[in-house]
């Protein structure tokens, strides 16, 4: 296996930067097409809060200056690009004057923790079950049970979340109802805190796993059927290899390849979170941040979150491009 | 001393439409160190019978009756073994060399690992250097250099190399019986001879019995000691190869033997009562097809070196282009169909450059130049009935007067290729056999009354007994319907019988050209000679050479690199060829 050639790496990096730049530009343009004025919106909220506002014109001008809206469009754009690339998304309009980057920095670890764990768990369980649906040595009971379990795939996560909350929190009282960690622990790198986080994260993660594993299982099933019909699977059997070895090294090993691409795309998307799952479990992640920002027309936050989503997707695709030749020898860097 | 005994074996496939008796009452034995050929058409049960000895029947098939004994086992009845016991028998006692050489190796594993995992599955923990020593020995025994090949991935090997790796896997545990399922059907004749002789050599060395499954009587005659002829799941004839080939008793065996086209000898097509068909007098004196110094490069690879020819359409002719895979013959076909632009030169149809036509001219070009391709399975849209494939171009080109007329034309075309319209029309492609589908493709082309037909390997994927029929259909297009044909093939024997003129292509050069009786009957160029000596045919007294000869021949082929001059062996009226 050759090392990654420099020309290929440069090529992919340029693509990565261009993708991110174009996406950032679109994020900047689209809200401006709506014609809404964030300064007026902020003033409106002040007025709604205080009954009336004195010196409205001065405050409006002050707000415009603070937000940089008095500058020419090109200057605004260049400033925006510079800020975005340094991950400075400005100040939230709804929770003025909190910096957006701080809000994202607070929310991102929660989402990445919850979503990455549930995605990895779903990926493993889903693909394994999908493979078992096809494998000829799967016990009959499993073969019958897996398709039944697929019924959950058609349940929206919000319903599965509510159902799990009802059963495990309200009735059985095994798990807490909401929040990212218990009120009795101090956030910090302690075992108590970590335990509390895992304990609180269990139900939201489970509600996502239960409804999304079918996506992987069904995809894997189709791929496995193809691989099962391949001559190399027949030859593997004719070589007298052990059934489990054939399953892992010949069948799953080949069938999993397209699933890995899908996995990378999902990593990007997971930052957006399962918005409603975070909402019902009152989980302070990116999904909840985005949801609240949309309700309060908090453009800087929406832009910041969108940018992070794009950045993650582009990075994940970039990484897959780099590692793919190492997992599939038929693909070469460059070439 | 026999190694394998089949006693009254019957194999059933229960389906929703009732039980299919794939194999009925087959009894035969394979002697130690003997080679037995299983021959028959697709669906004759030859592979099913052989796979039953490995207990690897495709679901839902099962052995409904009889016994299968492998005599080297203490408990010889294979059907009585448990799943784990059977697993231990595979590869160590009975090994299998699969048909699809292209796809038989795990694409994500190195060659050596695929030999090691077989050894480890049967012998448990074997030290790494011992594994390497044995995989190297196995690869060397099939004529592959272990240093080069062992660490490669399958996609880095040619078809012939992959098939030899499969043989290396099959012999690495010195089995008592080797089952080779059409091991060379995807290879060209030169590679076929090399692989077949390698297989014979290693089999003789380890003294294993060999079951060779195939449909080519010629290959059988050159490769086995005994032949079992199967038809529709029944063993119709079984005996020593000389007796089967020279004094066949069953009519089906005779048919199989006579369906092998041989160079020389009686025409294997029924000489058609040649109604002197004439093509159109060429439009304003322009030739039907002309290539002017056409060449094709893909990146730095030259697929076709500059060549020119002129084919007039006054008297229809069949021009054969023969060569191995990679010789540039299919590139020529796609250039003539206008699917590819030439890198230099021009392709002219009736005096017009086919890559510079107006939309109207392009449409009429598409009607007048039709194609038949290799894979009759891939040529139909599986979601439509076959009528659609026949009807659509006919209506699209405005040839149809009304629905009844279309129907009439479809039925007539079916009859012209020897198909009963009521049995094929209205059915879906998957309900028809490969031969029926390929004949429908010919019928579809015929409905448009083209001037030129380009047939790219039209019979390489159909059973030997049907080849003659389809080639006869194509031949009739020339004789009865006045269509000129470019016949692209790797099969020199069929080219010998159908064509008026043959061009032999090697690495993008025409190395030899002329009437088939000269070029194929008495080849002068080393490459043509090699091709012809590699063809297996049912003649037991013919020396097919040893595997060393075959390897030497392959080496000679390498040294033929870049010999641009063509050996011209005579002309026929209405066709001229020149290199450059």
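Residue numbers (this note's numbering), protein chains in the order written: chain Z, 1 to 335; chain L, 1001 to 1580.
Glycine included, each C-beta is placed from N, C-alpha and C at the ideal position.
Owing to the predicted nature of the structure, the values given are computational and were not obtained by experimental measurement.
Below 8 Å on C-beta distance, what does residue i contact in chain L?
i: residue 245 of chain Z; result: 1117 and 1121
i: residue 238 of chain Z; result: 1054, 1056, 1090, 1091, 1095, 1096 and 1098
i: residue 235 of chain Z; result: 1096, 1098, 1104, 1105, 1166 and 1169
i: residue 232 of chain Z; result: 1103, 1104, 1105, 1106 and 1107
Is the CB of residue i under 8 Å away from at least one CB in chain Z?
i: residue 1281 of chain L; result: Only weak support exists for where residue 1281 of chain L lies, its pLDDT of 49 falling under 50; the coordinates are left without a value.
i: residue 1108 of chain L; result: yes
i: residue 1430 of chain L; result: no
i: residue 1448 of chain L; result: no
i: residue 1169 of chain L; result: yes
i: residue 1527 of chain L; result: no
i: residue 1087 of chain L; result: yes
i: residue 1273 of chain L; result: Unreliable positioning characterises residue 1273 of chain L in this predicted model, as indicated by a pLDDT of 49, which lies under 50. The coordinate reading is nonetheless provided below. So no, residue 1273 of chain L is outside the interface.
Residue i and residue j: beta carbons closer than 8 Å?
i: residue 1489 of chain L; j: residue 1334 of chain L; result: no
i: residue 1095 of chain L; j: residue 1143 of chain L; result: no
i: residue 1063 of chain L; j: residue 1105 of chain L; result: no
i: residue 265 of chain Z; j: residue 213 of chain Z; result: no
i: residue 134 of chain Z; j: residue 269 of chain Z; result: no
i: residue 1416 of chain L; j: residue 1389 of chain L; result: no
i: residue 1289 of chain L; j: residue 1311 of chain L; result: yes
i: residue 1183 of chain L; j: residue 1163 of chain L; result: yes
i: residue 39 of chain Z; j: residue 60 of chain Z; result: yes
i: residue 1070 of chain L; j: residue 1078 of chain L; result: yes
i: residue 1225 of chain L; j: residue 1248 of chain L; result: no
i: residue 1047 of chain L; j: residue 1009 of chain L; result: no
i: residue 1037 of chain L; j: residue 1001 of chain L; result: no
i: residue 1212 of chain L; j: residue 1026 of chain L; result: no
i: residue 257 of chain Z; j: residue 321 of chain Z; result: no
i: residue 1400 of chain L; j: residue 1394 of chain L; result: yes
i: residue 1372 of chain L; j: residue 1380 of chain L; result: no
i: residue 1530 of chain L; j: residue 1556 of chain L; result: yes
i: residue 150 of chain Z; j: residue 56 of chain Z; result: no
Under 8 Å Cβ to Cβ from residue i, same chain only, skipping five residues before and after it: list those, please.
i: residue 1495 of chain L; result: 1320, 1322, 1487, 1489, 1502, 1516 and 1520
i: residue 311 of chain Z; result: 20
i: residue 958 of chain L; result: Absent from the model: residue 958 of chain L. The displayed extent of chain L is 1001 to 1580, so no value can be given.
Once the 5 residues before and after residue i are set aside, which same chain residues still bring their CB inside 6 Å of it?
i: residue 1346 of chain L; result: 1292 and 1353
i: residue 1218 of chain L; result: 1260, 1536, 1537 and 1538
i: residue 1133 of chain L; result: none
i: residue 1577 of chain L; result: 1309 and 1513
i: residue 304 of chain Z; result: 89, 100 and 104
Looking at chain L, is there any beta carbon in it that lies within less than 8 Å of the beta carbon of residue i?
i: residue 321 of chain Z; result: no
i: residue 241 of chain Z; result: yes
i: residue 127 of chain Z; result: no
i: residue 253 of chain Z; result: yes
i: residue 5 of chain Z; result: no
Name, please, each residue of chain Z whose Cβ falls closer than 9 Å to the Cβ of residue i.
i: residue 1194 of chain L; result: None at all; the shortest Cβ gap to chain Z is about 21 Å.
i: residue 1298 of chain L; result: Here the premise fails: no neighbours, minimum Cβ distance about 15 Å.
i: residue 1153 of chain L; result: 329 and 330
Tell me whether residue i counts as near the ligand ATP, meaning its Cβ is closer than 7 Å to at least one heavy atom of that ligand.
i: residue 287 of chain Z; result: As far as ligands go, the structure on display features none, and thus does not contain the ligand ATP.
Once the 5 residues before and after residue i are set aside, which same chain residues still bring their CB inside 7 Å of it?
i: residue 1273 of chain L; result: For residue 1273 of chain L, the predicted structure reports a pLDDT of 49, less than 50, and the residue's modelled location is therefore unreliable. A value from the coordinates is still provided. Closer than 7 Å at the Cβ level, and outside the excluded window around residue 1273 of chain L, lies no residue.
i: residue 1364 of chain L; result: none
Cβ closer than 7 Å: which chain L residues qualify as neighbours of residue i?
i: residue 248 of chain Z; result: Here the premise fails: no neighbours, minimum Cβ distance about 11 Å.
- Task: Starting from the N-terminal side, write out each stretch of the alpha helix (DSSP H) that is 4 residues or longer and does not extend beyond the stretch 85–165 of chain Z.
- Result: 100–111, 117–134, 140–149 and 157–164
- Residue ranges of each alpha helix (DSSP H) run of no fewer than 4 residues wholly in the stretch 1199–1278 of chain L, ordered along the chain? 1217–1223, 1241–1246 and 1251–1258
- Output the residue ranges of the alpha helix (DSSP H) runs that lie fully inside the stretch 1426–1455 of chain L and measure 4 residues or longer, sorted by chain position. 1434–1447
- Taking the runs of the alpha helix (DSSP H) that are 4 residues or longer, which of them lie wholly in the stretch 155–216 of chain Z? 157–164
- beta strand (DSSP E) runs contained entirely in the stretch 1051–1120 of chain L, provided each spans 3 or more residues: 1062–1070 and 1094–1097
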